Every structure is written in C-alpha cells, then in structure tokens.
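Report on the structure given below.
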Amino acid sequence: MRIVKALKYGATWQKDWNARVTHIIVDRGMNYNQVTAFLKLQVLPNNMIMVGEGYPADCIAYRMLVDPTQQRYQVAGYIKPAVPFAVDPAAREVAPSASSFSLQLKQARRAGTRREPQTPSRTEEAASTPPTLETVRRAPRSENHAWERTGDLIQQDSDELDAAIRQAKELQHLPLEFHKQDEDSRPSSPAGDEEDDEVEHVSKKAKMPPNPAWQDRFQCMQKHTSSDSLTNPNAATIAVLQEMCDHYAAMRDEWRSTAYRRAIASLCKENTVRVVTKEDAQKLPFVGERLAEKIEEIAFTNRLRCLDNARLEPNDHVLQTFLKIHGVGFAQASRWVSQGYRSLEDLLAKANLSENQKVGIARFDDFNARMPRAEVEEHAAVVRDVLHRIDATFQIHIMGSYRRGAESSADIDLIITRPSTSISQIRTVIIDTVVPKLFNSGFLKATLAATSRANGTKWHGASCLPTSKTWRRIDFLLVPESELGAAMIYFTGNDIFNRSMRLLASKKGMRLNQRGLYKDVMRGDGRPCSRGEKLTEGTPVAGSDEKKIFEALGVPWRPPHHRIC
DNA sequence: GCCCATTGTCC
DNA sequence: GGACAG
DNA sequence: GGGC
129 MRIVKALKYG
139 ATWQKDWNAR
149 VTHIIVDRGM
159 NYNQVTAFLK
169 LQVLPNNMIM
179 VGEGYPADCI
189 AYRMLVDPTQ
199 QRYQVAGYIK
209 PAVPFAVDPA
219 AREVAPSASS
229 FSLQLKQARR
239 AGTRREPQTP
249 SRTEEAASTP
259 PTLETVRRAP
269 RSENHAWERT
279 GDLIQQDSDE
289 LDAAIRQAKE
299 LQHLPLEFHK
309 QDEDSRPSSP
319 AGDEEDDEVE
329 HVSKKAKMPP
339 NPAWQDRFQC
349 MQKHTSSDSL
359 TNPNAATIAV
369 LQEMCDHYAA
379 MRDEWRSTAY
389 RRAIASLCKE
399 NTVRVVTKED
409 AQKLPFVGER
419 LAEKIEEIAF
429 TNRLRCLDNA
439 RLEPNDHVLQ
449 TFLKIHGVGF
459 AQASRWVSQG
469 YRSLEDLLAK
479 ANLSENQKVG
489 IARFDDFNAR
499 MPRAEVEEHA
509 AVVRDVLHRI
519 DATFQIHIMG
529 SYRRGAESSA
539 DIDLIITRPS
549 TSISQIRTVI
559 IDTVVPKLFN
569 SGFLKATLAA
579 TSRANGTKWH
589 GASCLPTSKT
599 WRRIDFLLVP
609 ESELGAAMIY
619 FTGNDIFNRS
629 MRLLASKKGM
639 RLNQRGLYKD
649 VMRGDGRPCS
659 RGEKLTEGTP
669 VAGSDEKKIF
679 EALGVPWRPP
689 HHRIC
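Sequential numbering of the first sequence, starting at 129, is according to the working numbering.
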C-alpha cells in the first residue's frame, strides 16, 4: 500500500539497485545492518538517503520532501555520516542528479478531495514541527557510486520482491494499515464509564427485571425510521462516519463496517444534543475509545483525517463492478481481478461462469436497478392471479423493503402461504404448477435458486412484466401458517434488525429463525445462552404471530417501517 | 482472544 | 465445506 | 471496531 501510494505521488520504484535510487525506505522492524546485508553493501553510500517507513507518508501529508534527517525517520543502527561540509549553496539542492527522476512530489490525480497544504493531516506533534528542507545537510553527490565500487551490480533477489508485491496487492482491500500510527499516537485519556458498569452489574447478577437495561443497546429495541435524519444535531458527524462505514464495507471489512454502523445508530438516537467531546461520545453504546476520538475530531475540525486518507485509496472499480454481479462475492471477484479480467465482456469471453453468474452478467443493469413500489405490486399481482386461479385460499404477502415502506425496491419478496396446509403441499403446488405456469406466460425469466423437493422453502429467480423488458429479482418464501409470523419478521428485515433480534434471542437463551422463536436452547460451550454450536433445537415459543414473537422476546412492537436500522 | 445471526442452495 | 444470498 |  505504501508503495502504491508513493508511486501515485510521483515516486519511482526501483526494483534493482541502480543509479536512479535516491532514497531507501526501510520497514519498521528492520535495522541498518539488515539493510546493508540485504543490499550486499559494506556501508551505505554517503549520498544515499535512508529513512524509516513513515517518511513517504509525511512527505505526502506535507506536500513536500520533508527533512529526512529528522530523528523520527532514523533507521535503527544507522549512524548519520559525520557530514557538516562547508555549506555550499549548490550542495543544498536536493540530489540534483536524482531529482529529475523522481523527487518532485506531484498532486494525486483525484483533484476534488484536496485542500490547502498548510493543514497537513497528522498528529499535533507532527503538525507543530513541519519538517523543513532548510535543515538538510548532506555531502555533495559523489561521482563514483558505492555500487560501482562494490563491483557487480547487485543481483536483486526478485523472487522476494515479487512475493512482496503480490502480498501488497492482495492486502490492498484490507483494513487501512496505513493509518494505524495515526490512530495510536494519541494518548488515551481515562474515560468515565460508570454508567456502563451499572449496566453490566444488572446482567451479571442475572436478575431479569421486565426490561433490564442491558437490552437497550440492541437495535431491535429502538425504533428507527429514515426520517429523523436531518433534524439531528449530529448529522454532520454521522455523515462522516457513514462514509468511513461505506469505505470499510467496500474494503469488505465486515466487522469494522458493522462497528461503524452500530455507532452511527447510537449517534442517530442522540438527537437532542450535539456530541462533541470524546468523553461524551464514549458514553454512547457501541462507541469505544477510538470511535469517540474520531467523533471528537469531526466535531472540532468538521472532518476526519483517516477519511481523507481513505478517499485516496485506489478503489478498484473493476472489483466493485464484479461485486455487483448476482452470484459473485468478494472471493470470486478478487480471483477474477487477479486473473487479469477487467470488464464484464472479459468475463463473458474468458471466465468460466456459473449459471447464476451468467444471468447476473446478462442482466447486470436490470438487477442493479431499483423499481418503484407500484411495480412491486404489479409483479405480486401477476403471481397472485395465477395462484388464485388454482386456489383462492392461497395468500400472498409482499415483504422486504416494500413492507418497510420504501419508495423503491431492489427486488420483490413474496411470502406464499395457505391456511391449514402443510409446507410440502404448498411446495408441490408452487413448484409443480405455479412456477411452470409463470414461465409459460413469460412472466418468469430465470431460476437462480430453486427449492429442493424434500425440504425447501424458497425460490429465487427473475421476473418481467409484459409491459417492460427489465428483469427483476423475485423471491418466494413458502411458509406454513404456523410459521407465518417468524417468516414475516425474517422477510421484512432489514438485515440489521433481524440480526439484532436473533442476537437478543440468543442472549436470552432462545433462538430466532425464519420458522419461529425457540426457548431452552442448549449450546455447545455449556453456556446456555451466549454462543457456540447449539446442542438442542429448543422448544417452540411462538411462530405464527409476529406480535407474539416480539412479546416473547420482550421487544416492544415495531411496525415494519420502524425496522430500518 | 474470541464473538459479532442464521439458514438454504449452489458448486 | 466454502461461497453466496436473503 | 466494540463488548465481554
């Protein structure tokens, strides 16, 4: 990552030891002797600049070549050559012969995100002492170079280097290693968390008052709408955190991204006062020390330095495109990228694709488009017509974002059920009759995941209205009456709300899935309610009625449009 | 140092 | 059994 | 990244 970044700002990267080399950037953890041994040198040539790994980052931050002789860039074991030559003005030019190669720091290409150079994004310590070239004192560049004296050009060990490059490329989607030092450099302050202690006490004593405090931090306990966004005094902070969240999501750092999402949710709830200090921020659930510092930084400076850095990350548009193909996840997308495929056309021509992926590519634009509510209803009506022509007691419920009240939806989620009818009977009708009929009428266009005859409950595919040519993703969930409530919770979502409900259930020794709520679940690690593989399925508590499931879980009822987390 | 939801289907 | 989806 |  550091190499890629430095290249973007105008550095050149020499893969062998040659006359163009001006700086040697040494990884933290390596010392001077290791470097010279690796380069097969007795001693570093006087004209060579050897600095620690933080140097390029600082140069980028300050938009200049900072003084490489500063203490913070010193490599362990390196004794600065006793230079002080008579300071000849000409000699103060930076490496004249080399500068023409690489030493002009250039602007990053993405111009939109840049700002004034005098506010470098570093810690206070660094910011207060902008390094300056004026202090640089070095010997004039010698004519006979060290590598010439040592005889042969060094046969660079390109295997090792290649391995490092491959590794760097593989690591580039991962967390922002680059910013670690930024975040760690701040001394942590003792934070007041007495409130939290009390919360823990309650749960540890295993007393279960009607609504113990420890439950309050679950997403499903709070009502959330999309509406209360612009009135929140923390809206600006939330927006910045959201962008970080999106960034980590794009990097496929699931846990960091959900951490941000949870913190954002807490901040959304705090809609009366503006959270400014990190002490206050840390009192919010899901906000720890580091997020609290970030919130404070945003409140004071209206921006976040590590987000500025994140924006510079080369986001791989090819990867992002591949990820939008139905049936393609991060594993496959990165495999294709590393195989050199650069476009959907490449994939069609060269990659071997699963059937679903073929559909996903052929209907790439269709599946990535959203449809208005009215169209969702039309699709459901087509299915309902066919179903009712067979048996009018079948019921269809439109679920998903539609039920949550969204103005547009990415797909159509339908629950199909019928009173006093077993799941296998429902399945037979749907798979043997309804689906074939819908294919014949031209409504259904493709099957992406068909339910197995034995015990399946879902059917995924694509549908298209006669008045349109855009294929839509459509899902059927086949549900017996006795499980309708649980299925509705499951299929209404959103995903965060579901996970929160299920997590809460497991904390209470129960289990929630699309079939029902179960109690007395024993899990493998001996602790009945926290985690681990379950040993017993548990006994059913509720399933047919959404409200009863909420009730049994101790969650205040929330209509679908308040389940947006 | 581990967990962070759970299940069905595809391959 | 991992990847992917919902 | 937070909670335990």
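The beta-carbon is built from N, C-alpha and C at its ideal position, and this holds for glycine as well. From a predicted model like this one, the values you see are computed outputs, not experimental measurements.
Whole runs of the beta strand (DSSP E) within the segment 461-529, excluding any shorter than 3 residues: 523-526
Close-in-space but distant-in-sequence residues of the same chain around residue 477 (CB under 8 Å, 5 per side omitted): Sequence index remark: in the first sequence, residue 477 carries index 349 (1-based). Contacts found: none.
CA nearest to the CA of residue 674, picked from 627, 619, 601: The residue you call residue 674 lines up with position 546 of the first sequence. Cα-wise, what sits closest to residue 674 is 619.
Endpoints, beta strand (DSSP E) assigned at residue 591: Start at 1 with the first residue of the first sequence, and residue 591 comes out as number 463. It spans 586-591 - the beta strand (DSSP E) in which residue 591 sits, taken as one unbroken run.
Reduced DSSP category for residue 695 - H, G, I as helix; E, B as strand; rest coil: Absent from the structure is residue 695, since the part of the chain shown begins at 129 and ends at 693.
Per-residue DSSP class, three states only, for residue 451: For the purposes of this step, residue 451 is taken as the residue at position 323 of the first sequence. The answer is helix: DSSP assigns residue 451 an H, G or I state.
Beta-carbon gap between residue 405 and residue 424 smaller than 7 Å: Here residue 405 refers to the residue found at position 277 when the first sequence is read from its first residue. Here residue 424 refers to the residue found at position 296 when the first sequence is read from its first residue. Contact flag set, yes.
Limits of the unbroken alpha helix (DSSP H) element including residue 644: As a working mapping, residue 644 is identified with position 516 in the first sequence. Neither: residue 644 is in no alpha helix (DSSP H) and is coded neither H nor E.
6 Å Cβ shell around residue 366 - same chain, five flanking residues per side excluded: For the purposes of this step, residue 366 is taken as the residue at position 238 of the first sequence. Hits under 6 Å: 392, 395.
Of the listed residues 379, 505, 428, nearest to residue 457 (C-alpha basis): As a position in the first sequence, residue 457 is number 329, starting the count at 1. Of the listed residues, the one whose Cα sits closest to residue 457 is 379.
Proximity of residue 610 and residue 600 at Cβ, strictly below 7 Å: Taking the first sequence and counting its residues from 1, one reaches residue 610 at position 482. Taking the first sequence and counting its residues from 1, one reaches residue 600 at position 472. Going by C-beta atoms, residue 610 is not nearer than 7 Å to residue 600.
Own chain residues within Cβ distance below 6 Å of residue 376, not counting five before or after: Start at 1 with the first residue of the first sequence, and residue 376 comes out as number 248. Answer for residue 376: 384, 385, listed in chain order.
Close Cβ partners of residue 276 (< 7 Å) along its chain, the five nearest in sequence each way excluded: For the purposes of this step, residue 276 is taken as residue 148 along the first sequence, with counting starting at 1. Low confidence applies here, because residue 276 scores a pLDDT of 32, under 50, leaving its location unreliable; read the following figure in that light. Excluding sequence neighbours, residue 276 sits near nothing in its chain.
Beta-carbon spacing of residue 574, residue 587 below 7 Å: Taking the first residue of the first sequence as 1, we reach residue 574 at position 446. Taking the first residue of the first sequence as 1, we reach residue 587 at position 459. No, the pair does not count as a contact, with Cβ atoms beyond the cut-off.
Beta-carbon gap between residue 621 and residue 672 smaller than 7 Å: Within the first sequence, numbered from 1, the residue matching residue 621 stands at position 493. Within the first sequence, numbered from 1, the residue matching residue 672 stands at position 544. Cβ distance not < 7 Å, so residue 621 and residue 672 don't count as in contact.
Backbone CA spacing between residue 415 and residue 408 [nearest angstrom]: Position 287 of the first sequence, counting from 1, holds the residue named residue 415. Position 280 of the first sequence, counting from 1, holds the residue named residue 408. Those two C-alpha atoms are separated by around 10 Å.
Own chain partners of residue 135 with C-beta closer than 8 Å, once the 5 adjacent residues on each side are dropped: Position 7 of the first sequence, counting from 1, holds the residue named residue 135. Closer than 8 Å at Cβ, skipping near neighbours: 141.
Residue 585 vs residue 606 beta-carbon contact at 7 Å: As a position in the first sequence, residue 585 is number 457, starting the count at 1. As a position in the first sequence, residue 606 is number 478, starting the count at 1. The answer is yes: Cβ separation under 7 Å.
Span of the alpha helix (DSSP H), counted from its first residue to its last, around residue 165: Taking the first residue of the first sequence as position 1, residue 165 is located at position 37. Taken as a continuous stretch (DSSP letters only), the alpha helix (DSSP H) holding residue 165 covers 160-167.
Selection from 433, 144, 181 that minimises the alpha carbon distance to residue 158: Sequence index remark: in the first sequence, residue 158 carries index 30 (1-based). Of the candidates 433, 144, 181, the one whose C-alpha sits nearest the C-alpha of residue 158 is 181.
Segments assigned beta strand (DSSP E), at least 3 residues, entirely inside the segment 526-565: 539-546
Counterpart residues of residue 603 in DSSP-defined beta bridges: For the purposes of this step, residue 603 is taken as the residue at position 475 of the first sequence. 541, 588, per the DSSP bridge assignment.
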